[in-house]
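I have placed the structure first, in the form of structure tokens, so that the comments after it can refer back to it.
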Amino acid sequence: MLVHIQILRFLAAAAVVAFHVWGIAPDHIDVPADTPSLGLWHFGHGVDLFFVISGFIIYYATQTSIARGKELSPSAFLRRRVERIVPLYAFAILAMTALAVLLPATFGTPGWYSPSHVLKSLAFISFTDGQMPVVFVGWSLEYEMFFYLTLALLMMLTQDAWRAVVVAFCGLAMIGQIPGVADALGHYTFFTDPLILEFIFGVLAGILFMNGMSGEQHTGAMLLAAGCAITVLLVTDPANRALVYGLPSVALVAAAAWISRLRTNASWPERVCERLGDASFSIYLIQAPLVVFAAQGMAALFPQIHPLSLVASASALVIAAGLALNIVLERPLLALCRRIGRPRTAKNVMQLAPSAR
């Protein structure tokens, strides 16, 4: 694994946690109007960095497996992604539902924990009702799952799955900018949201990192598709977050990847952050209930705490709890799923790499 990509994962998770603590700080302490925000309102866009990292890592991991002679079938690829996300996310949804029953004054939003909404959250389709999932940060996982499902489907249909997913997502994003399309699609604008381009940005960064411009025909076609989508967005919606936050995230991911390639011996602070990056999914999920408790606790212990100190201390508590969750539950769950779900052989293996012609 690329050490500095893992560090970026941790920083992205920590940024989102800090953003949410800052957002609820006025509910627990006095926040003077002249309190410097230090850009904390932008920290929620750590999600954009996550999406770019996801595209990069999925490409990097699959191509690394191929190089080692361990090519994945579409079903094996999808199973690995499900094993990585679903068990812990399902646990988080059920835990939040239990908290709503036990602490209705804090978590019991009417209708939020109805059986249908819980089931839609578990199925990654809460967007069909125009609502956030039970675990509110799970909205981003619905985009992740859309990316994985689309890629797995294209792997079954073509050997040029990477080129196909790049062209498909760029095409969807451009279709979404056509006047009237958003109104016609309603909640299903999910499928044409320019956010999906951030996965493609990550994939392209991975292709250039691993292959340079080899396979020029396919790489060029993918870059052309991305360029067209970016151009359309610049004309129709220049302030779109996929441009404002997605493109800088590509630069961060590319820099982290190249630093990891050049620096083979990481320092101990880098190793610590890498370990926290391994726990980024747990940190990301556990913040859903815990930011409230952490902020409440720090405000009760230190009523005169400075707002920025509240953000730092409550975020640290959430990060520590996320690391504990990773050790106690996430890693054992992942190991168990892989023991019971991994077949001994993979049939109908398909090449993920774009073939050079």
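For the sequence shown, UniProt numbering gives the first residue as 1, with consecutive numbering after it. Virtual Cβ for every residue (Gly too), placed ideally from N, Cα, C. Owing to the predicted nature of the structure, the values given are computational and were not obtained by experimental measurement.
The region 224-244 makes no contact with the region 272-281; the number of CB pairs closer than 8 Å stays below 3.
Sequence-distant Cβ neighbours of I24 in its own chain, meaning closer than 7 Å and more than five residues away, are V291, V292, A295. Three or more beta-carbon pairs separated by less than 8 Å link the region 193-203 to the region 44-61, which places the two stretches in contact. A distance below 7 Å separates the beta carbons of Y113 and A100. Inclusion of C273 and I7 in the CB contact set at 7 Å is warranted, their separation being smaller than that value. If only uninterrupted alpha helix (DSSP H) runs of at least 4 residues are considered, those enclosed by the region 145-181 are 161-175. For N211, the uninterrupted alpha helix (DSSP H) segment begins and ends at 197-211.
DSSP, reduced to helix, strand and coil, places V135 outside both helices and strands of the structure shown, so it counts as coil. Per DSSP, V31 is not a residue of any alpha helix (DSSP H), being assigned neither H nor E. Shown here, G277 sits in a helix according to DSSP, grouped into three states. Sequence-distant partners of F209 (beyond 5 residues in either direction) whose C-beta falls short of 6 Å from its own C-beta, in its chain, are A257.
Contact between the region 74-92 and the region 260-276 is absent, with fewer than three C-beta pairs closer than 8 Å.
Contact between Q287 and V86 is absent: CB atoms are separated by about 19 Å, not below the 8 Å threshold.
In the DSSP assignment, Y89 falls within the alpha helix (DSSP H) that extends over 74-102.
Excluding five sequence positions before and after E330, the CB atoms of its chain that fall closer than 7 Å to its own CB belong to L88, F281, S282, given in chain order.
Taking all protein chains shown into account, M222 has 16 or more neighbouring C-beta atoms within 10 Å of its C-beta and is therefore buried. Between V165 and T150 a beta carbon distance of about 6 Å is seen, short of the 8 Å cut, so the two are scored as contacting. Within the same chain, Cβ atoms closer than 8 Å to the Cβ of L317 are found at L290, A294, G297, M298, the five residues on either side in sequence being excluded.
DSSP places N240 outside both helix and strand once states are collapsed to three, so it counts as coil. Here the alpha carbon of V31 sits roughly 14 Å from the alpha carbon of W41.
Within the same chain, A12, S140 come within 7 Å of F50 by CB-CB distance, once the 5 residues on both sides are set aside. Per DSSP, A316 is one residue of the alpha helix (DSSP H) stretching across 307-325.
Per DSSP, V16 is one residue of the alpha helix (DSSP H) stretching across 3-24.
Residue L308 holds the alpha-carbon nearest to the alpha-carbon of F19 among V52, G171, A320, L308. A242 is a Cβ neighbour of P194, given a cutoff of 7 Å.
The residue from I53, A95, I230 with its alpha-carbon nearest to that of G171 is I230. The straight-line gap separating the alpha-carbon atoms of I93 and V118 is approximately 7 Å. Separation of the CB atoms of S315 and V3 is rounded to 22 Å, and the pair is thereby denied contact status at 8 Å. Annotation for R263: no alpha helix (DSSP H) segment contains it, and DSSP assigns it neither H nor E. In the structure shown, W268 adopts helical secondary structure according to DSSP, grouped into three states. In this structure V47 is buried. Its beta-carbon is surrounded by 16 or more other beta-carbon atoms within 10 angstroms.
Distances from the CA of T219 to each of N240, R163, G39 were compared; the closest alpha carbon is that of R163.
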